[in-house]
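The structure under discussion appears below in the form of structure tokens.
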Amino acid sequence: MPRSALSIVKPAVDDIVAGRKRVEIRSWAPPVIPLRDLVLVQNTIFLRQDGQEDPDGIALALVDVVGVHDWTPDEARAQGKQWCAGYVCWELTNVRAIDPPFRCAAKRGVYALETPERHAS
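Counted from 1, the sequence shown has number 1066 at position 118 by this note's numbering; the numbering is strictly sequential.
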């Protein structure tokens, strides 16, 4: 059964699962709000070009994206990051680790991901 997925460079998904990260910073907003049961795929390379993929991704979590807000300089300072205008924070809730995780391709944007049968429900 296909699910919506988002790839994020390591170690961000580990931090989301551990509760250390509650937002995902992007230059674009999600296609819909709420976006429920979004699969977070962790990979090791930045995907900067349209159509670029990383075949070595790993699906680690399901989350709900319940809101989006402008990323602020205060948030950037609290996260130890350099602030840049034009970015938004995806507000993540209902974080669930995928057990066991599974290997899959990481792609740009929100994309359809076929999940193994044991993860379909």
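Built from N, CA and C at the ideal position, the CB exists for glycine as well.
| message | Quick check on Pro-1048: does DSSP put it in helix, strand or coil? | response | strand
| C-alpha distance - Leu-986 paired with Gly-967, whole-angstrom precision | 17 Å
| field | Secondary structure, beta strand (DSSP E): runs of 3+ residues fully inside the region 977-1026 | value | 983-991, 1001-1018
| field | Beta-carbon proximity check, Leu-1040 vs Ile-981, cutoff 8 Å | value | no
| message | I need the DSSP call for Ala-1060, collapsed to helix, strand or coil. | response | strand
| message | What residue range does the alpha helix (DSSP H) around Ala-960 cover? | response | 960-965
| said: Short of 7 Å in beta carbon distance, which residues of its chain neighbour Pro-1064, apart from the five on each side in sequence? Order them along the chain. | reply: Phe-1050
| said: I need the boundaries of the beta strand (DSSP E) containing Ala-1033, first residue and last residue. | reply: Run containing Ala-1033: none; DSSP gives neither H nor E here.
| Counting along the chain, where does the beta strand (DSSP E) carrying Ser-952 start and finish? | 950-957
| To which residues does DSSP link Val-1043 through a beta bridge? | Partner(s): none; Val-1043 has no beta bridge.
| task | Starting from Arg-974, follow its DSSP beta bridges and name the residues at the other end. | result | Val-1036
| task | Below 6 Å CB to CB, which residues in the same chain sit around Asp-1002 once its five sequence neighbours on both sides are set aside? | result | Asn-991, Ile-993, Ala-1054
| said: Between Pro-950, Val-971, Arg-951, Ala-953, which has its C-alpha nearest Ala-960's C-alpha? | reply: Comparing Cα-Cα distances from Ala-960 to each of Pro-950, Val-971, Arg-951, Ala-953, the minimum goes to Val-971.
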